[in-house]
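In numbering that gives the first Met the number 0, the protein residues as written are 0 to 591.
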Amino acid sequence: MSPEALADLIAHIIIHLAESGNAGTLSPEQAPPASSIVVARPKDRSHGDWASNVAMQLAKKAGLKPRDFAQLLASELESSEGIASVEVAGPGFINIVLDSASAAAVVDTVLAQGAEYGHNDHMSGHTLNLEFVSANPTGPIHIGGTRWAAVGDSMARVMQANGAEVVREYYFNDHGEQIDRFAKSLVAAAHHEDVPQDGYKGAYIDEIAARVVNEAKADGVDALDLPRLRDENGDEGASEQREEFRKRAVPMMFAEIQESMKEFRVHFDVWFHENSLYESGEVETAIDELRAQGDIYEKDGATWFSSTKYGDDKDRVIIKSDGHAAYIAGDIAYYLNKRRRADHPCDEAIYMLGADHHGYIGRMMAVCAAFGDTPEVNMQILIGQMVNVMKDGKAVRMSKRAGNVVTIDDLLEAIGVDASRYSLARTDYHQSVDIDLNLLASHTNENPVYYVQYAHARSCNVDRNAAQAGIDASQADLSLLDTPADGEVLAALALYPNVLQLAGDHRAPHRIAHYLEDLASAYHKWYNAERVVPMSLTEPENRIADDKREALAIAKSPDKARAAARLKLNDAVQCVIAGGLDLLGVSAPDKM
């Protein structure tokens, strides 16, 4: 019996007591839904399998003392099928012990549902647009963007497992000043000149510049011989040469970013180009809509958005006095596009942004409100914190290719996709994280991804040994899973659906990683405490073994009936670990 099933049972009992007038002054209408009833694993395992504080929460409404109300619930629970005993403790806690068959029923549930175990539909009917990474196309993806790739893709998988329709989207910033600086940097590099002070540096700039020159030459264009203009300060102005580099280099970076995401196992449903908002006229349309409702005004030669009307700390310039659009102009049109597009308009636009974007929240929530939507409902902005890459106790800063940053390619080269994704997704994105390259490259229990993957590989090895021993788990008697170690693994399996739902509701994929580590810990301890496959002895089992370890192994050796039950439990753990790792985009190896 799972905690969700227990919560359903308690909710049913409360309604029954209220309808019969045996719940004090509590009416049936005041009975809580099962989803609000907390059933948790007691910290002290001597208190039972599961515990609930529901009586303490409802006692006042019932006009009863918490312990008296708890005793009413306990009496009903004790007579319920699958429950061995119920005890009222302390001020009104209800401690529940399941019979072994009821506790083990989760095994059949897991194996019947397979990879779908724990999945639910409570977010069904919602279309979420999840935009993440969205790094500028002016260089390789750095470590911060890499974290968002791991967290964002895992978050999308988790929300889909909760029934939501999720559109993964990458916003490609191919319009504005950063692209101009990128093009200037490439032209300078191609001419072997110093990169402009506000330009981009790194070996990749030289690489891209050389590729542009070669590609243009193959097309019969001498990119370096096109007109190139400079202003009185020596800065390059608009020119055919810069435009040639821009139009060829941006798609090159776009393709490189797409390839990096593919290697990182991240799939995007939409690659949205910022420049399309200007080419299609959507920016002008969005501004006109705001103007029509009185939210636009002119001042000092610029066009302003009255964002303070919607809670922002100051009004925002959207068209500068020089006639160029400010960055927020594209943001306004982009939000409107997400909400109103013909294909997959979203109920909620979720933006995943870096630590330097806190100031972005107020203005974007004002945009949301200005179009008649509800901030934090139709728009959610998630701010992630910094990533520090460490090796030998020191910060790793230099990238051979990108200068003074660590890129996604650097991380993958050092520790691979599995360790990279897992380590970046297992920490709450609200917190900064240290990535220890030495630890994550090691094959030790201190390495969290190895610890979880090894549990899966170990379970696969048990299957192979069981097959050789002729153990058939198809008709296993799960009531034989009655040891404390069995109970810990069963309880961990039963917790998974609740963990998965909370991970979706709170946009918290790190909860899945923490759960997997707890399940792996319970499994490893169980594996060491209980043999699954009987020993094959060449001598009679009742002989006296001289070797203490061999004697202990003989003592632990189960009969075939108990072995079959444990094999089934082993396979349930294997299934849940594989499913959980898949939600994090991490492989589940069968050998290590």
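C-beta: ideal position from N, C-alpha, C; glycine also.
Using C-beta distances below 8 Å, list every residue in its chain close to ALA215, excluding the 5 sequence neighbours before and after it, in chain order. ASP221, ALA222, GLU243, ARG247
Just to confirm, is the Cβ distance from GLU516 to TYR421 under 8 Å? Going by beta carbons, GLU516 and TYR421 fall outside the 8 Å limit.
Roughly how many angstroms separate the alpha carbons of GLU593 and ALA160, rounded to a whole number? Residue 593 cannot be examined here, being either before or after the span of the chain that is shown, 0 to 591.
Close Cβ partners of MET351 (< 6 Å) along its chain, the five nearest in sequence each way excluded: PHE131, TRP147, GLY151, LEU381
Of all the options ASN527, THR307, THR126, which has the alpha carbon lying nearest to the alpha carbon of CYS345? Scanning ASN527, THR307, THR126 for the CA closest to the CA of CYS345 turns up THR126.
Collapsed DSSP secondary structure at LEU410 in the structure displayed: helix
Can you list, in chain order, the residues of its chain whose CB lies under 6 Å from that of VAL157, leaving out five sequence neighbours each side? ALA502, GLY503, PRO508, LEU582
Taking 8 Å as the cut-off, does the region 176 to 192 touch the region 277 to 290 (at least 3 CB pairs, one atom from each stretch)? Contact fails: fewer than three Cβ-Cβ distances are below 8 Å.
Starting from LEU352, follow the beta strand (DSSP E) in both directions and report where the run begins and ends. 347 to 352
Three-state secondary structure (DSSP) at PRO588? Per DSSP, reduced to three states, the secondary structure at PRO588 is coil, with no helix or strand assignment.
Under 8 Å: do the region 359 to 367 and the region 308 to 323 share three or more Cβ pairs, one atom per stretch? yes
Residues near GLY89 in its chain [Cβ-Cβ closer than 7 Å; skip 5 each side]: none
Note down the Cα distance separating SER79 from ASP481, rounded to an integer number of angstroms. 20 Å
Taking VAL282 and ALA332 to be in contact with their CB atoms under 8 Å, please state how far apart those CB atoms are, rounded to whole angstroms. 4 Å
Any beta carbon of chain B sitting closer than 8 Å to that of ALA202? In the structure shown, chain B cannot be found, because there is only a single protein chain.
Rounded to whole angstroms, what is the Cα-Cα separation between ALA69 and SER34? The straight-line gap separating the alpha-carbon atoms of ALA69 and SER34 is approximately 19 Å.
Helix, strand or coil at ASP120 [DSSP, three-state]: coil
Once you ignore the five residues that flank HIS343 on each side, which residues in its own chain have a CB closer than 7 Å to its CB? THR126, VAL166
So PHE68 is in the alpha helix (DSSP H); what residue range does that whole segment cover? 65 to 77
For SER26, which of helix, strand or coil comes out of DSSP? coil
Proximal residues to LYS547 (C-beta, below 8 Å), its chain only, five neighbours per side dropped: With a pLDDT of only 48 at LYS547, under the threshold of 50, the placement of this residue in the model should not be trusted; the figure read from the coordinates follows. Closer than 8 Å at the Cβ level, and outside the excluded window around LYS547, lies no residue.
As assigned by DSSP and simplified to three states, the class of HIS592: No information on residue 592 is available, as it lies outside the stretch 0 to 591 that the chain covers here.
CB-CB under 6 Å to ALA285, same chain, minus the five flanking residues each way: which ones, in chain order? ILE331, ALA332, LEU335
Distance, Cα to Cα, ALA83 vs ASN569? Each residue's alpha carbon lies about 24 Å from the other.
Looking at the secondary structure, which residues open and close the beta strand (DSSP E) in which ASP433 lies? 432 to 435
Counting Cβ pairs closer than 8 Å, one from the region 560 to 577 and one from the region 431 to 449, do we hit at least three? Flag = no, the region 560 to 577 and the region 431 to 449 do not touch.
Pull up the CB-CB distance for ASP173 and ASN274, whole angstroms please, since I reckon it's below 8 Å. 5 Å
When ALA519, ALA475, GLN474 are compared against ALA484, the one with the closest alpha-carbon: ALA519
Cut-off 8 Å between Cβ atoms - residues of its own chain near ARG338, not counting five sequence neighbours on either side: PRO344, CYS345, ALA348, PHE370, ASP372, ASN377
My assumption, with CB atoms under 8 Å, is that ALA512 sits in contact with ARG425. Please give the rounded CB distance. 4 Å
What separation, rounded to the nearest whole angstrom, lies between the Cα atoms of ALA54 and SER26? 15 Å
Under 8 Å Cβ to Cβ from THR537, same chain only, skipping five residues before and after it: list those, please. Low local confidence applies: a pLDDT of 33 at THR537 is under 50, so the model's placement there is unreliable, with the coordinate-based value given in what follows. Same-chain partners within the cutoff: there are none.
Does the beta-carbon distance from VAL87 to ALA73 come in below 8 Å? yes
Alpha-carbon spacing of ARG542 relative to ASN464, whole angstroms: Confidence is the limiting factor: at ARG542 the pLDDT is only 41, short of 50, which leaves the residue's position unreliable, though a coordinate-based value still follows. Approximately 24 Å, taken between the alpha carbons.
Would you call the region 92 to 107 and the region 315 to 326 touching, i.e. three or more CB-CB distances under 8 Å? Inter-segment contact for the region 92 to 107 and the region 315 to 326 is absent: fewer than three beta-carbon pairs are separated by less than 8 Å.
Measure the alpha-carbon distance for GLN430 versus LEU494 and round it to whole angstroms. Rounded to the nearest angstrom, the two C-alpha atoms are 25 Å apart.
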